[in-house]
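A.B. asks: Have a look at this one.
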Amino acid sequence: MEISERIRSAIDKNNPVVALESTVIAHGLPYPENLEVFSRLEEIVYSNGCIPATVGVLKGKVKVGLSKEEVIELVEDDPIKVGTRELPYAVALKKSAATTVSSTARIANLAGIEVFATGGIGGVHRGPWDVSQDILELAETSIIVVSAGGKSILDVKKTLEFLETFQILTVGYKTEYFPMFYNGLSKEKIYRVDSEEKIADIFVQKRKLGIKSAILVANPIPKEFEISGEEVEKYLEIIEKEMEGVKGKEVTPYLLKRLVELSNGRTLKSNIKLLENNVELACKIAQSLKK
128 MEISERIRSA
138 IDKNNPVVAL
148 ESTVIAHGLP
158 YPENLEVFSR
168 LEEIVYSNGC
178 IPATVGVLKG
188 KVKVGLSKEE
198 VIELVEDDPI
208 KVGTRELPYA
218 VALKKSAATT
228 VSSTARIANL
238 AGIEVFATGG
248 IGGVHRGPWD
258 VSQDILELAE
268 TSIIVVSAGG
278 KSILDVKKTL
288 EFLETFQILT
298 VGYKTEYFPM
308 FYNGLSKEKI
318 YRVDSEEKIA
328 DIFVQKRKLG
338 IKSAILVANP
348 IPKEFEISGE
358 EVEKYLEIIE
368 KEMEGVKGKE
378 VTPYLLKRLV
388 ELSNGRTLKS
398 NIKLLENNVE
408 LACKIAQSLK
418 K
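Start counting at 1 in the sequence shown, then tack on 127, and there's your number in the working numbering.
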């Protein structure tokens with residue numbers, strides 16, 4: 128694993144660092160918006176007094192703190208998508224790979240980073256049995272993950288049940304309802320926390336108690352960028368009929384691409400805004416942790 132000098136220096140000086148995943152850049156957003164979003168997210172982290180640490184695998188080398196040039200190289204190298212399980216495969220075969228929530232959380236934790244911002248976590252899918260590695264990784268890794276709840280394709284109740292079963296504390300930032308990505312709030316209740324300072328304190332107390340799992344911070348998308356559940360459901364019904372033969376790690380990239388097409392770009396705009404919103408909150412939490 129190669130940790131960039133700026134990240135290593137920040138960790139050594141106990142400065143706040145926020146981890147970012149590379150799957151959203153390589154597989155979740157179209158070109159050239161993906162590179163623009165990478166630059167924008169890093170700018171947000173810097174402007175909030177933190178250091179960004181984008182994580183990925185470049186030709187078999189696990190990288191913490193990818194530069195823009197390395198991100199471009201990663202995207203152009205036709206990267207595979209890897210969770211924690213597939214990391215050794217990518218490293219041993221010297222492949223380039225974009226890291227998901229699970230692998231980014233594992234790598235960030237190994238590097239000594241305590242806060243990670245993403246879009247939405249994976250969970251229990253609707254339809255045929257499909258459970259994301261994200262939940263199992265967060266059960267094993269002590270990190271704060273800031274997301275807009277679960278992806279729209281998930282079964283909300285089953286996802287929350289798995290989070291509880293695997294002892295992943297899920298808290299809503301200024302809400303007592305679990306958010307669902309573009310769709311705003313679901314009807315499923317979670318614990319409410321009204322400040323980043325309280326989230327940091329919960330994490331500190333968790334470590335003192337020896338609880339190894341992550342804290343999932345569910346941060347609702349700003350109201351003005353919500354897309355109604357009814358509208359997204361209409362698109363999902365179309366997509367589900369198309370997806371026969373699309374399985375495993377191909378599901379989310381295919382689904383996100385089709386949602387952008389069917390919504391005339393509205394889901395792309397919402398996706399970017401919720402990412403920015405999550406990164407800002409992650410920075411505030413990372414600052415609070417250092418205080």
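Built from N, CA and C at the ideal position, the CB exists for glycine as well. Here the structure is a predicted model, which means the values were calculated and not measured.
Would you kindly report the start and end of the unbroken alpha helix (DSSP H) that includes Tyr362?
C.D. replies: Gly356 to Glu369
A.B. asks: Cys410: which of Ser136, Val202, Ala235 and Phe243 sits nearest, CA to CA?
C.D. replies: Looking at the Cα atoms, Phe243 is the closest of the given residues.
A.B. asks: Ends of the beta strand (DSSP E) at Lys284?
C.D. replies: First-last for Lys284: Val283 to Thr292, but that is the alpha helix (DSSP H), not the beta strand (DSSP E).
A.B. asks: Measure the alpha-carbon distance for Gly247 versus Ser415 and round it to whole angstroms.
C.D. replies: 23 Å
A.B. asks: With burial defined as no fewer than 16 other Cβ atoms inside 10 Å of the residue's Cβ, what is the status of Leu193: buried or exposed?
C.D. replies: With 16 or more other Cβ atoms within 10 Å, it is buried.
A.B. asks: Just to confirm before moving on: does the CB-CB distance between Phe293 and Ala266 stay below 9 Å?
C.D. replies: With contacts defined as CB atoms closer than 9 Å, Phe293 and Ala266 qualify as a contacting pair.
A.B. asks: Determine contact between the region 155 to 171 and the region 374 to 393, defined as no fewer than three beta-carbon pairs at a distance below 8 Å.
C.D. replies: yes
A.B. asks: Is it buried or exposed, Asn398, if we count other Cβ atoms within 10 angstroms and call 16 or more buried?
C.D. replies: With at least 16 other beta carbons inside 10 angstroms of its own, Asn398 counts as buried.
A.B. asks: Just list the residues that DSSP pairs Ala224 with in beta bridges.
C.D. replies: Partner(s): Val184 and Ile207.
A.B. asks: I'd like the list of long-range same chain contacts for Lys316, defined as Cβ closer than 7 Å, with 5 residues on each side in sequence excluded.
C.D. replies: Glu303 and Tyr304
A.B. asks: Any heavy atom of the ligand GDP inside 8 Å of the beta-carbon of Ala266?
C.D. replies: Among the components modelled here there is no ligand, and therefore nothing to report on the ligand GDP.
A.B. asks: Mark Ile178 as exposed unless 16 or more other C-beta atoms lie within 10 angstroms of its C-beta, in which case mark it buried.
C.D. replies: A buried status is given to Ile178, since no fewer than 16 other beta-carbon atoms sit within 10 Å of its beta-carbon.
A.B. asks: Measure from the alpha carbon of Val228 to the alpha carbon of each residue in Lys222, Leu214 and Lys221, then state which is nearest.
C.D. replies: Leu214
A.B. asks: If you count every other CB in all the chains shown that lies within 10 Å of the CB of Ser223, and 16 or more means buried, which is it?
C.D. replies: buried
A.B. asks: What are the start and end residues of the beta strand (DSSP E) that includes Lys314?
C.D. replies: Leu312 to Lys316
A.B. asks: Under the assumption that Ser340 contacts Ala225 (Cβ atoms under 8 Å), give the Cβ distance between them as a whole number of angstroms.
C.D. replies: Actually they are not in contact, since the Cβ atoms of Ser340 and Ala225 sit about 25 Å apart, beyond 8 Å.
A.B. asks: Measure the alpha-carbon distance for Arg253 versus Leu363 and round it to whole angstroms.
C.D. replies: 11 Å
A.B. asks: Name the one or two DSSP bridge partners that Gly276 has.
C.D. replies: Met307
A.B. asks: Quick check on the burial criterion: 16 or more other C-beta atoms within 10 angstroms. Buried or exposed for Pro255?
C.D. replies: When all chains shown are included, Pro255 counts as exposed.
A.B. asks: Helix, strand or coil, according to DSSP, for Gly155 in the structure here?
C.D. replies: helix
A.B. asks: Val359 and Tyr300: beta carbons closer than 9 Å?
C.D. replies: no
A.B. asks: Where Glu323 and Leu312 are concerned, what is the direct C-alpha to C-alpha distance, given to the nearest angstrom?
C.D. replies: 20 Å
A.B. asks: Is Thr302 helix, strand or coil when you go by DSSP?
C.D. replies: coil
A.B. asks: Taking C-beta to C-beta, are Val198 and Leu162 nearer than 9 Å?
C.D. replies: yes
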